[in-house]
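Engineer: Position in the sequence shown (from 1) plus 3 gives the number in the working numbering.
Heads up, the beta-carbon is just placed ideally off N, CA and C, and yes, glycines get one too.
Since this is a predicted model, take the numbers as computed values, not measurements.
Here you go, one structure.
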Amino acid sequence: MIQILTDWSVIFKSEGNHEPVNAVEGVLTDLSAHHVLACTQRHTNIRRTMAESTTLTVRVSPELKERLSRLADHTKRTSSYLAGEAIADFVERELAIVEGIERGLADLKADRVTPHKDAMRRLRATVERARRAKS
């Protein structure tokens, strides 16, 4: 089961109040007396059940492990969750690059390319038309 959350969650704690206040429940106009406990844009997070995840072991330096632990403490998330999110973001970004290169190579192989000289000529003509229209 995948649960996609679509709201913002901002939780504050007043200096004199020990109970968290969820900003979604009401508007806080004076934030000077509040400490932000958590702020997440949850619509970008997809939560998966344990049956939809698997375990991966990675080696990191002791310094990185300590920094990840500090971040986990600050964000009230587990180190495992943060590492999983970081890996997912990295894989998504890198795959987009690799797939773009593969599309470009396929275009080259299928002769769906414009020679550099022709592309520059078309670009200069477009810039010149824009310059004239501006005058």
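1) Over what stretch of residues does the alpha helix (DSSP H) that includes Glu102 continue unbroken?
2) Whole angstroms is fine: what's the gap from Arg80's alpha carbon to Glu69's?
3) Of the residues Asp76, Ser82, Ala109, Glu97, which one's Cα is nearest the Cα of Val61?
4) Could you give the C-beta distance for Leu74 and Leu85, rounded to a whole number, given that I count them as a contact under 8 Å?
5) Please state whether DSSP places Val130 in a helix, a strand or coil.
6) Is the Cβ-Cβ distance between Leu111 and Ile90 less than 9 Å?
7) Whole angstroms is fine: what's the gap from Val116's alpha carbon to Ser56's?
8) Measure the alpha-carbon distance for Arg135 versus Asp121 and round it to whole angstroms.
Structural biologist: Answer, in terms of the structure:
1) 82–112
2) 14 Å
3) Ser82
4) 6 Å
5) helix
6) no
7) 41 Å
8) 21 Å
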